[in-house]
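A.B. asks: Okay, here's the structure, questions in a sec.
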Amino acid sequence: MIDWLRVLRRALVSGSGAGIVSLVALACGGQRDCRSVFAPVNAVSHWIWRSVALGQQEPSLRYTLPGAGIHHAMSILWALLFEERIARAGSRSGPLRTIATALGVSAAACFVDLRLTPERLTPGFERRLSPESLTVVYLAFALGLALPSIIEMQHSDRRRR
């Protein structure tokens with residue numbers, strides 16, 4: 001049986017990791033594609049500010065803070081799925097399975113975000129970034145999901161020795 005409180009606690013960590021690592025990828029992609037590290041994050045706030053947020057290049061409390069907050073919250077939401085899958089795998093969950101699970105969840109997030117979600121609720125950053133930068137963002141997201149679990153596995157292995 002799954003310990004949902006443990007899954008939630010772990011999702012807060014892995015989701016925060018995924019959110020931060022992918023936020024860095026968003027900033028790098030933004031600098032490359034639209035000459036602004038803030039533009040992709042600002043675009044996420046289109047949930048609140050509609051299309052005006054999509055064109056914002058500069059940092060601001062109005063666009064950047066809500067954009068980062070929404071991105072972080074959605075990262076934790078996707079991390080719940082990741083941690084649930086890891087919990088179901090139990091002791092069979094080694095580094096390779098963890099990475100594969102993270103890649104699978106990230107691919108699912110990408111598909112849902114960019115193909116299934118109504119335009120009004122898409123991430124928004126897809127309208128500011130090239131396909132190559134989007135790929136890097138979702139790969140970074142997977143890396144951020146997997147890293148806390150892999151680090152924990154490494155520490156557990158050392159303690160057992």
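Take the sequence shown: its position 116, counting from 1, is numbered 116 in the UniProt record's numbering, and each next residue is one higher.
Ideal Cβ positions, reconstructed from N, Cα and C, are used throughout, including at glycine.
Keep in mind that this is a model prediction, so the values were computed, not measured.
Helix, strand or coil: which one does DSSP assign to residue 151?
C.D. replies: DSSP places residue 151 in helix when its eight states are reduced to three.
A.B. asks: From which residue to which residue does the alpha helix (DSSP H) around residue 67 run?
C.D. replies: 64 to 89 is the extent of the alpha helix (DSSP H) around residue 67.
A.B. asks: Taking 9 angstroms as the threshold (C-beta atoms), are residue 11 and residue 79 in contact?
C.D. replies: Their beta carbons are under 9 angstroms apart, which means residue 79 touches residue 11 by this criterion.
A.B. asks: On a CA-only basis, which of 57, 62, 24, 142 is nearest residue 127? Give me that one, please.
C.D. replies: Here the closest residue by C-alpha is 57.
A.B. asks: Check whether the region 51 to 69 and the region 98 to 114 touch, using three or more Cβ-Cβ pairs below 8 angstroms as the test.
C.D. replies: Output reads no: the region 98 to 114 does not touch the region 51 to 69.
A.B. asks: Give the straight-line distance between the Cα atoms of residue 147 and residue 141, rounded to the nearest whole angstrom.
C.D. replies: The alpha-carbon atoms of residue 147 and residue 141 are separated by roughly 10 angstroms.
A.B. asks: Is it true that the CB of residue 70 sits closer than 9 angstroms to the CB of residue 45?
C.D. replies: In this structure, residue 70 lies closer than 9 angstroms to residue 45 by Cβ.
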